[in-house]
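Residue numbers (mature numbering (1 follows the signal peptide of the UniProt record, and there is no 0)): -23 to -1, 1 to 68.
Idealized CB from N, CA, C, for every residue including glycine.
Reviewing the structure listed below.
Here you go:
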């Protein structure tokens, strides 16, 4: 290899490495968030919910009344639409 090829290779490596450099500043995703309620107001709200204990939201579990065949009949049309090769969200 001659010196020109080595210099060109090093220049490509340096330019490629700079493409992966990260921004020096970090902004939190919730930086502009302004709360509308205080912690005490939220806790008071949660205490009013049936089944809540110590200001913690209750876990609500439900069982489906539909059979597997009924669920499949609801899912099939959506699956066909989403797997349309000409659709926006295909792939």
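Give the range of the alpha helix (DSSP H) segment to which residue i is assigned.
i          : result
residue 42 : Counting along the chain, residue 42 falls outside any alpha helix (DSSP H), and DSSP gives it neither H nor E.
residue 33 : No alpha helix (DSSP H) contains residue 33, which DSSP labels as neither H nor E.
residue 21 : 16 to 24
Enumerate in chain order the residues of its own chain whose CB-to-CB distance from residue i is below 7 Å, with the five nearest sequence positions on each side excluded.
i          : result
residue 35 : 26, 28 and 29
Comparing C-alpha positions only, which one of the options sits nearest to residue i?
i          : options           : result
residue 33 : 16, 45, 39 and 41 : 16
residue 45 : 9, -20 and 53     : 53
What residues in its chain sit with their C-beta under 8 Å from that of residue i, if we drop five residues either side in the sequence?
i          : result
residue 23 : 29, 32, 33 and 34
Take residue i and list the residues in its own chain whose beta-carbon comes closer than 6 Å to its own, dropping the five residues that flank it on each side.
i          : result
residue 60 : none
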